[in-house]
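Asker: The sequence shown maps to residues 19 to 440 in our numbering.
This is the structure, below, for whatever I ask next.
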Amino acid sequence: MNKTMMDLLNDLYPLHRTLNHDDNLVALNLIEEYIDNEKFSINKYEAGSHVWTWNIPRRFHVNHAYLKNVDGNVIINFEDNPLHIVSYSKSINKKISFDELEEHLYYSDKNPDSIPWQYKYYDNRWGLCLSKNVFDSLDKKVDYIVDISTELLDKPMVAGEFFIQGESNKEILIVTNICHPYQVNDSITGLVVAARLAKELEDTKLFHSIRFLFVPETVGTVAWFANNEEKISNIKYGFSFDCLGNNNTLTLQKTMYEDSHLDFLVEHKVQEYESEILIKKFIEEMSNDELVMSSPGIEIPTVAFHRAPYKEYHTSADNPSIINSEVLEESYNFIKDVISTLAKDYIPKQKSIGLIFMSKFNLHPDEDEDLEALLKIKAINQYINGRHTAYELSKIIDLDLDKVLNFLQIYLDNNLIIKVDR
Ligand SMILES: [Zn+2]
Numbered sequence: 019m020n021k022t023m024m025d026l027l028n029d030l031y032p033l034h035r036t037l038n039h040d041d042n043l044v045a046l047n048l049i050e051e052y053i054d055n056e057k058f059s060i061n062k063y064e065a066g067s068h069v070w071t072w073n074i075p076r077r078f079h080v081n082h083a084y085l086k087n088v089d090g091n092v093i094i095n096f097e098d099n100p101l102h103i104v105s106y107s108k109s110i111n112k113k114i115s116f117d118e119l120e121e122h123l124y125y126s127d128k129n130p131d132s133i134p135w136q137y138k139y140y141d142n143r144w145g146l147c148l149s150k151n152v153f154d155s156l157d158k159k160v161d162y163i164v165d166i167s168t169e170l171l172d173k174p175m176v177a178g179e180f181f182i183q184g185e186s187n188k189e190i191l192i193v194t195n196i197c198h199p200y201q202v203n204d205s206i207t208g209l210v211v212a213a214r215l216a217k218e219l220e221d222t223k224l225f226h227s228i229r230f231l232f233v234p235e236t237v238g239t240v241a242w243f244a245n246n247e248e249k250i251s252n253i254k255y256g257f258s259f260d261c262l263g264n265n266n267t268l269t270l271q272k273t274m275y276e277d278s279h280l281d282f283l284v285e286h287k288v289q290e291y292e293s294e295i296l297i298k299k300f301i302e303e304m305s306n307d308e309l310v311m312s313s314p315g316i317e318i319p320t321v322a323f324h325r326a327p328y329k330e331y332h333t334s335a336d337n338p339s340i341i342n343s344e345v346l347e348e349s350y351n352f353i354k355d356v357i358s359t360l361a362k363d364y365i366p367k368q369k370s371i372g373l374i375f376m377s378k379f380n381l382h383p384d385e386d387e388d389l390e391a392l393l394k395i396k397a398i399n400q401y402i403n404g405r406h407t408a409y410e411l412s413k414i415i416d417l418d419l420d421k422v423l424n425f426l427q428i429y430l431d432n433n434l435i436i437k438v439d440r
């Protein structure tokens, strides 16, 4: 059976996907099965090792986590929902007062029915999460029993990678996240869009190569770059996306350079699109792995897409019930259009100098029959100077990209131009 993005989303949803967890491997196996291509690989990063200024987190394992009253009745049980435990919480087994307990309980005022997601990856604390309603029902004058048993194991952090070789070794890098336990819009809507792109673009003829990373947010991207520094100079464009299935307007976040070729292309795609898309500046509203991809020494122009803000963000209410499959499909279609356009875009560069003798190469349509075609191809004849990509050319001379590419193919077939990249 061919799985849909929603099928993959529903399979991934109930997994305890945090930075490093046994379930991350389960998630990667599901993605591999979905993409169904032997080129999918799983990278392993040694727990506790150092990459740049970062530490690779140890594998978080929860044996159990309870909040009980002194009679032993369970108030909170991790088994009911993995969000009840703060990600990377330490162990504790103790009878404590409400006042002491309160400092370790997390709830959301904005979403009183939902359990918030809290993470203390690097804080060495213990903590539990619960809905505001359950918190309010606690008797503030009595003692409680907290029983949390967790372990940090020396097992590797895992991440997925998939590479499509294009004609050029210059790459487009797409980074999406496997983390965020028991939530879907953030981040795995981005992941399923990327997985489908990987599957659908795999056997398409592309100019740029495309690399997909399925990683725990930030530290997974840091780990990949730190282990692949020699690949950085080949990566020309970056994408990061999540929160793509809720009912909110799609937002494009520009690169930190604002005037890169990628910004030019994406902004034109936004104008061509029939629905509204908001345009925001770099780190204006959210931030994600684009911060790694744009950081000093990496400096890859990276755009991000999302449909934030939304009120269920980072709570148990971010579950499949808030995902609109049509909205997710729309996100996919737009992102696919942008990435596949960029992937087939190249700079045509004339091999010789001077005006090309168009009639000799069948590049001169009859003026009386098709004046417009003649003018367009005359314009192309001028712009194949190695300064503009085919997409830029299509905007300069106001002709569909596919038609520009078809004309350029005649030049390629006659050995008049070469394809180059920035
Ligand atoms: Zn998040």
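A virtual CB, placed ideally from N, CA and C, is assigned to each residue, including glycine.
Looking at the structure shown, is Phe259 part of a helix, part of a strand, or coil, going by DSSP?
Answerer: The answer is strand: DSSP assigns Phe259 an E or B state.
Asker: Given the structure, does Ser205 come close to ligand 1, in the sense that its CB is under 7 Å from one of the ligand's heavy atoms?
Answerer: Result yes, Cβ under 7 Å from ligand 1.
Asker: Which residue marks the beginning of the alpha helix (DSSP H) containing Thr320, and which one marks its end?
Answerer: Looking at the DSSP string, Thr320 is not in any alpha helix (DSSP H); the run it does join, the beta strand (DSSP E), is 320-324.
Asker: Where does Thr194 fall in DSSP's three states?
Answerer: Thr194 falls in the strand class under three-state DSSP.
Asker: Taking only beta-carbon atoms, is Glu51 less than 8 Å away from chain B?
Answerer: Protein chains in the displayed structure number just one, and chain B is not present.
Asker: Alpha carbon to alpha carbon, how far is Leu419 from Asn195? Give it in angstroms, no decimals.
Answerer: Their Cα atoms are separated by approximately 32 Å.
Asker: Give the list of continuous beta strand (DSSP E) stretches no shorter than 3 residues that lie fully inside the region 46-78.
Answerer: Listed in chain order, the complete beta strand (DSSP E) runs (minimum 3 residues) inside the region 46-78 are 59-63.
Asker: Apart from the five residues on each side of it in sequence, which residues of its chain come closer than 8 Å, Cβ to Cβ, to Cys147?
Answerer: For Cys147, where only same-chain residues beyond five positions count, the Cβ hits under 8 Å are Leu101, His102, Ile103, Val104, Leu123, Tyr124, Tyr125, Ile133, Pro134, Trp135, Gln136.
Asker: For the beta strand (DSSP E) containing Ala335, name the first residue and the last one.
Answerer: Segment: none, Ala335 is in no beta strand (DSSP E) and carries neither H nor E.
Asker: Taking DSSP as the reference, what is the three-state secondary structure of Met376?
Answerer: Correct three-state label for Met376: helix.
Asker: His332: beta carbon under 7 Å from a heavy atom of ligand 1?
Answerer: Checking every heavy atom of ligand 1 against the Cβ of His332, one is found closer than 7 Å.
Asker: Please name the residue, chosen from Pro314, Ile340, Met311, that lies closest to Arg325 on a Cα-to-Cα basis.
Answerer: Considering only alpha carbons, the answer is Ile340.
Asker: Check the C-beta distance from Ser258 over to Met311 and give it rounded, since I have them as a contact under 8 Å.
Answerer: Contact holds; Cβ gap of about 7 Å.
Asker: Going by C-alpha distance, which of Ala65, Leu85, Pro32 is nearest Trp144?
Answerer: The shortest C-alpha separation from Trp144 is found at Leu85.
Asker: Suppose the cutoff is 7 Å on Cβ atoms and the five residues either side in sequence are ignored; what does the same chain contact list for Glu235 look like?
Answerer: Closer than 7 Å at the Cβ level, and outside the excluded window around Glu235, lie Asn195, Cys197, Ser205, Asn306, Asp307.
Asker: In whole angstroms, what is the alpha-carbon distance linking Phe329 and Asn151?
Answerer: For the sequence presented, residue 329 should be read as Lys rather than Phe. The alpha-carbon atoms of Lys329 and Asn151 are separated by roughly 17 Å.
Asker: Just grab the DSSP bridge partners of Phe180 for me.
Answerer: According to DSSP, Phe180 bridges with Phe230.
Asker: Assuming Thr267 and Glu294 are in contact, meaning their beta carbons sit under 8 Å apart, how far apart are those beta carbons, in whole angstroms?
Answerer: About 6 Å separates the two Cβ atoms, so the contact holds.
Asker: Should Lys254 and Ile190 be called a contact, given that it needs their Cβ atoms to be closer than 8 Å?
Answerer: Yes. Within cutoff.
Asker: How do the region 81-96 and the region 281-296 stand: do at least 3 beta-carbon pairs fall below 8 Å, yes or no?
Answerer: Counting Cβ pairs under 8 Å, fewer than three are found: no touch.
Asker: Please confirm whether Asp336 and Val202 have their CB atoms less than 8 Å apart.
Answerer: Contact: yes.
Asker: Where does the unbroken beta strand (DSSP E) through Asp161 begin, and where does it stop?
Answerer: Element bounds for Asp161: 161-171.
Asker: Hey, quick one: how far does the alpha helix (DSSP H) through Leu434 stretch, first residue to last?
Answerer: It is not in any alpha helix (DSSP H) - Leu434 carries neither H nor E in the DSSP assignment.
Asker: Could you check whether the Cβ of His122 sits closer than 7 Å to any heavy atom belonging to ligand 1?
Answerer: His122: no, Cβ never under 7 Å from ligand 1.
Asker: Kindly provide the ranges of any beta strand (DSSP E) runs that are 3 or more residues long and lie completely inside the region 264-323, ordered along the chain.
Answerer: If we require 3 residues or more, the beta strand (DSSP E) runs fully inside the region 264-323 come out as 268-271, 295-298.
Asker: Give me, in chain order, the residues of the same chain whose beta-carbon lies closer than 7 Å to that of Ala244; leave out the 5 immediate sequence neighbours on both sides.
Answerer: Within the same chain, Ala244 has close Cβ partners Val69, Trp70.
Asker: How about His198: is its Cβ closer than 7 Å to a heavy atom in ligand 1?
Answerer: His198 Cβ: within cutoff of ligand 1.
Asker: Among Tyr364, Lys369, Ser251, Asn403, which residue has its Cα nearest to the Cα of Asn424?
Answerer: Considering only alpha carbons, the answer is Tyr364.
Asker: Between Leu37 and Glu169, what straight-line distance do the alpha-carbon atoms span, to the nearest angstrom?
Answerer: If I take the Cα positions, the gap works out to 14 Å.
Asker: Cutting at 7 Å between CB atoms, please list the residues of its own chain near Tyr429, excluding the five before and the five after it.
Answerer: Pro366, Ile402, Ile435, listed in sequence order.
Asker: As a quick exercise: from Ala213, Lys138, Asn264, pick the residue whose alpha carbon is nearest that of Tyr331.
Answerer: Comparing Cα-Cα distances from Tyr331 to each of Ala213, Lys138, Asn264, the minimum goes to Asn264.
Asker: Note down the Cα distance separating Ile301 from Ile353, rounded to an integer number of angstroms.
Answerer: For Ile301 and Ile353, the distance between alpha carbons rounds to 19 Å.
Asker: How should His34 be labelled, buried or exposed, when 16 other C-beta atoms within 10 angstroms of its C-beta is the threshold for buried?
Answerer: His34 should be labelled buried.
Asker: Three or more beta-carbon pairs under 8 Å between the region 42-57 and the region 114-123, yes or no?
Answerer: Cβ pair count under 8 Å is below three, so no.
Asker: Could you check if Ile371 is buried or exposed, using at least 16 other CB atoms within 10 Å of its CB as the buried criterion?
Answerer: Exposed, since its Cβ has fewer than 16 Cβ neighbours within 10 Å.
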